[in-house]
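Undergrad:
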Amino acid sequence: MLAEPSAQLQLLRLADLDSEMARVTHAARSLPQHRTIQELMEQRQQIGDALTAASTNADDLEVAARRAEADLVPVRARLERNQERIDGGTISDQKVLRGLIEETEHLKGRISTLEDAQLDAMGRAEEAVAARDELARRKEQIEQRLREEVAARDEAVARLKEEAQSLTASRQPVAGTIPEPLLKLYEKLRAATGLGAARLVQGRCGGCQLTLTVADLDKFRKAPADEVLRCVECDRILVRTDQSGL
1 MLAEPSAQLQ LLRLADLDSE MARVTHAARS LPQHRTIQEL MEQRQQIGDA LTAASTNADD
61 LEVAARRAEA DLVPVRARLE RNQERIDGGT ISDQKVLRGL IEETEHLKGR ISTLEDAQLD
121 AMGRAEEAVA ARDELARRKE QIEQRLREEV AARDEAVARL KEEAQSLTAS RQPVAGTIPE
181 PLLKLYEKLR AATGLGAARL VQGRCGGCQL TLTVADLDKF RKAPADEVLR CVECDRILVR
241 TDQSGL
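Just so you know, the UniProt record's numbering puts 74 at position 74 of the sequence shown, and the rest follows in order with no gaps.
#1: For L2, count neighbouring C-beta atoms within 10 Å of its own C-beta (all shown protein chains included) and say buried if the count is 16 or more, exposed if not.
#2: Using beta-carbon positions only, say whether A77 and V129 come within less than 8 angstroms of one another.
#3: Below 8 angstroms between beta carbons: does that hold for A68 and L114?
#4: Which of the three DSSP states, helix, strand or coil, is assigned to T211?
#5: If L61 and L135 are in contact, beta carbons under 8 angstroms, what's the gap, nearest whole angstrom?
#6: Taking 6 angstroms as the limit between beta carbons, can you name the residues of its chain near R171, skipping five residues before and five after?
#7: So, helix, strand or coil for V239, using DSSP?
#8: Looking at C-alpha atoms only, which residue of T213, S166, S6 and L246 is the closest neighbour of V24?
#9: Rounded to a whole number of angstroms, what is the C-alpha to C-alpha distance between R137 and G48?
#10: Only counting the same chain, and skipping five residues up and downstream in sequence, which positions put a Cβ closer than 6 angstroms to that of L200?
#11: By how many angstroms is the C-alpha of L12 removed from the C-alpha of R204?
#12: Between which two residues does the alpha helix (DSSP H) containing A223 stretch?
#13: Going straight from the alpha carbon of I142 to that of A151, what length do you get?
#14: Given 8 angstroms as the limit, is there contact between the segment 178 to 192 and the segment 211 to 226, that is, 3 or more CB pairs closer than that?
#15: In angstroms, rounded to a whole number, what distance separates the CA positions of V96 and S112?
#16: Of all the alpha helix (DSSP H) runs that stay within the bounds of the segment 17 to 96, which reach a length of 4 or more residues?
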């Protein structure tokens, strides 16, 4: 293929722009925030599941604590009534009085047992509520970090997108100066290798970094200026400059 040296030099400008575009694209995909956000989302899911379970447990234990407290109400009321009857001295039947006193003692024991159960239920409920609140606090911390990381990612992506748009705008006029056959070849090679053209620098391919043989260099040296050279190793277009060493 033949192409004016000026058109071949334009390939280098195009390749530089495409390399910058590849760098920007890679940078956008490789932002550290992507991984951090993924990790935080997983943590949020895990702690969210734990919080749901902890909330259910806390609710159940609070219900149990209220039930234990409610169980005491009728027993205390009965004890109070019995004690009032005993203290009132209105019971003349000793058998009835003894029965009432025995029941009162039984009620006192029952109350003691119920109070122990109530204290235990309240303690477990308080622990469960504290555990739930701690998980809620940690979840909020994770969500706050997630919001910050998403904002940082969006800012970085917007900056890189702006840079990519600038590169695209710069690329169009450069590509427009290159003959269509040469541009098609460049695009084909770029699609296959990631870099369609490279400089020939001091006898070395700027793409694959292969140092050309003396025979290849001699062949390139004798080639007409408008002949499009190709690397014998990576097949990329090699563009001659005053730094080529020919």
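Here a beta-carbon is modelled for each residue, glycine too, at the ideal position from N, C-alpha and C.
TA: Straight from the coordinates:
#1: So L2 ends up on the exposed side.
#2: No.
#3: Cβ distance < 8 angstroms, so A68 and L114 count as in contact.
#4: Strand, per DSSP.
#5: Going by Cβ atoms, the distance from L61 to L135 rounds to 15 angstroms, so no, they are not a contact pair.
#6: Sequence-distant partners of R171 (beyond 5 residues in either direction) whose C-beta falls short of 6 angstroms from its own C-beta, in its chain, are L17.
#7: Taken through DSSP and simplified to helix, strand or coil, V239 comes out as strand.
#8: Looking at the Cα atoms, S166 is the closest of the given residues.
#9: Distance between the alpha carbons of R137 and G48 is about 11 angstroms.
#10: If the five residues before and after L200 are omitted, its C-beta is found closer than 6 angstroms to the C-beta atoms of L238, R240 and S244, all from its own chain and listed in chain order.
#11: Near 15 angstroms, if we compare the C-alpha coordinates of L12 and R204.
#12: Unbroken run through A223: none, as it is neither H nor E.
#13: Take the alpha-carbon of I142 and the one of A151: they are about 14 angstroms apart.
#14: Under the three-pair Cβ rule at 8 angstroms, the segment 178 to 192 does not count as touching the segment 211 to 226.
#15: Whole-angstrom Cα-Cα distance: 24 angstroms.
#16: Counting only runs of 4 or more, we get 32 to 88.
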